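Numbering (my numbering), first residue to last: 8 to 336.
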């Protein structure tokens, strides 16, 4: 269980972290991100990210080069295949939403790019122009969501895998020969990907729910009706108010979130006011579980029944019926 911490000086670092909500999120002060950081400071920030899941850095006057340098301290920057990338610097995503350019898609709960084999470690978003009203970003701790599931539900989820894909972005491809060619190319680059429903954080070892309505399609090997019901239940975990933090943006703020342990959604209540943000995304590793994967025969039964030797009605899987037929012959 994540414990509440008051504002504190991180050991051997020049910065303070103040907890902003019950289960997660820390505000970091005492560090200037426009200046190079020494390795010990970067290591401490990396540990703070793993602990707090979302870090908020107020009052940072950054160029795009500063933001990208800060991101590279934590890993390789990636290029989002479907976002509004800067033409000269594709690792930089520019969200300049204003009249004539409304925001799209980001108002759904999600973890970034889980259709990848290795989804991002984290994401940094920097505010340059913010609307007078609206434009908040909401976060939900999937570590807290998992921790507060019943023991029985945690046991049930153990070993389950879910299939993720980029179907949300298929509207970008027109129904033309060229559009279909481009879509096929993306489908080859990003085939459906299996990830554990409960992933283990590689730094803290804590478990977190890792399904989201934006990219998760179904539970691998589970009957469709059961899969939909289970995913709907897990998707609703983000709606628990105690697991949430709603960030109200001020100019010149960096928010750095851990894609391995939180989901986020942007609130589209400001259009046509202007909201101008810059973003970088940091490459991650493949999600893993410490539990063995569930077997297909444990997750699905066929709708065929027969009498057993005691004349009691029971469900029988296809392979069991085939084996009984073979023995009889």
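Note that beta-carbon positions come from the ideal geometry of N, C-alpha and C, so glycine has one too. Just so we're clear, the structure is a prediction, and the values are computed from it rather than from any experiment.
Check whether the stretch 290-309 and the stretch 139-147 touch, using three or more Cβ-Cβ pairs below 8 Å as the test. No, because fewer than three Cβ pairs between the stretch 290-309 and the stretch 139-147 fall closer than 8 Å, the two stretches do not touch.
DSSP three-state label for residue 95, please. Stepping through the chain shown from its first residue, residue 95 is reached at position 88. Assignment of residue 95 by DSSP, reduced to helix, strand and coil, places it in the coil class.
Is it the case that the Cβ atoms of residue 81 and residue 40 are separated by a distance below 8 Å? Sequence index remark: in the chain shown, residue 81 carries index 74 (1-based). Sequence index remark: in the chain shown, residue 40 carries index 33 (1-based). The criterion of a C-beta distance shorter than 8 Å is not satisfied by residue 81 and residue 40.
List the residues that DSSP assigns as beta-bridge partners of residue 203. For the purposes of this step, residue 203 is identified with residue 196 of the chain shown, where counting begins at 1. Within the DSSP bridge table, the entry for residue 203 names 168 as partners.
Going straight from the alpha carbon of residue 29 to that of residue 289, what length do you get? On the chain shown, position 22 is the one that residue 29 refers to. On the chain shown, position 282 is the one that residue 289 refers to. Cα atoms of residue 29 and residue 289: separation of roughly 26 Å, rounded to the nearest angstrom.
Cβ-Cβ separation, residue 282 to residue 102 (assumed contact under 8 Å), whole Å: One-based indexing of the chain shown puts residue 102 at position 95. One-based indexing of the chain shown puts residue 282 at position 275. Taking a contact as a CB-CB distance under 8 Å, the pair residue 102 and residue 282 counts as one, their CB atoms being some 7 Å apart.
Under 8 Å, with one C-beta from each stretch per pair, do the stretch 194-202 and the stretch 89-100 reach the 3-pair mark? These segments do not touch.
Whole angstroms are fine: how far does the CA of residue 72 sit from the CA of residue 211? For the purposes of this step, residue 211 is taken as residue 204 along the chain shown, with counting starting at 1. For the purposes of this step, residue 72 is taken as residue 65 along the chain shown, with counting starting at 1. So the alpha carbons of these two residues sit roughly 30 Å apart.
Let me know the secondary structure DSSP gives residue 49 once reduced to three states. Indexing the chain shown from 1 puts residue 49 at position 42. DSSP, read as helix, strand or coil, puts residue 49 in helix.
Below 8 Å between beta carbons: does that hold for residue 135 and residue 34? As a first step, residue 135 must be located in the chain shown, where it is residue number 128. As a first step, residue 34 must be located in the chain shown, where it is residue number 27. The beta carbons of residue 135 and residue 34 sit no closer together than 8 Å.
Between the alpha carbons of residue 227 and residue 70, how many angstroms are there, rounded? For the purposes of this step, residue 227 is taken as the residue at position 220 of the chain shown. For the purposes of this step, residue 70 is taken as the residue at position 63 of the chain shown. Residue 227 and residue 70: Cα-Cα distance of roughly 44 Å.
With residue 149 and residue 287 assumed to form a contact (beta carbons below 8 Å), what rounded beta-carbon distance in angstroms separates them? Locating residue 149 in the chain shown gives position 142, where the first residue counts as 1. Locating residue 287 in the chain shown gives position 280, where the first residue counts as 1. Under the criterion of beta carbons closer than 8 Å, residue 149 and residue 287 do not qualify as touching, at roughly 22 Å.
Enumerate, from N- to C-terminal direction, the unbroken beta strand (DSSP E) stretches of 3 or more residues contained entirely within the stretch 256-287. If one requires a minimum length of 3 residues, the beta strand (DSSP E) runs lying completely within the stretch 256-287 are 261-265 and 269-273, in chain order.
When 124, 206 and 48 are compared against residue 172, the one with the closest alpha-carbon: Here residue 172 corresponds to residue number 165 of the chain shown, with the count starting at 1. The shortest Cα separation from residue 172 among 124, 206 and 48 belongs to 124.
Please identify the residue among 98, 50, 46 and 216 whose C-alpha is closest to the C-alpha of residue 296. Along the chain shown, one-based indexing puts residue 296 at 289. Nearest option by C-alpha distance: 216.
What number of angstroms, rounded off, separates the C-alpha of residue 32 from the C-alpha of residue 85? Position 25 of the chain shown, counted from the first residue, corresponds to residue 32. Position 78 of the chain shown, counted from the first residue, corresponds to residue 85. Rounded to whole angstroms, residue 32 to residue 85 spans 24 Å at the Cα level.
Contact between the stretch 116-132 and the stretch 265-276 is defined here as three or more beta-carbon pairs at a separation below 8 Å; is this criterion met? At 8 Å Cβ cutoff, the stretches touch.
Can you tell me the Cα-Cα spacing of residue 249 and residue 183, whole angstroms? Your numbering for residue 249 matches position 242 in the chain shown. Your numbering for residue 183 matches position 176 in the chain shown. Cα atoms of residue 249 and residue 183: separation of roughly 47 Å, rounded to the nearest angstrom.
Span separating the alpha-carbon of residue 159 from that of residue 121: Residue numbering aside, residue 159 sits at position 152 when the chain shown is read from its first letter. Residue numbering aside, residue 121 sits at position 114 when the chain shown is read from its first letter. Between residue 159 and residue 121, the alpha-carbon positions lie close to 26 Å from each other.
Option nearest residue 276 by Cα separation, candidates 264, 206, 153 and 113: Sequence index remark: in the chain shown, residue 276 carries index 269 (1-based). Minimum Cα distance to residue 276 is reached at 113.
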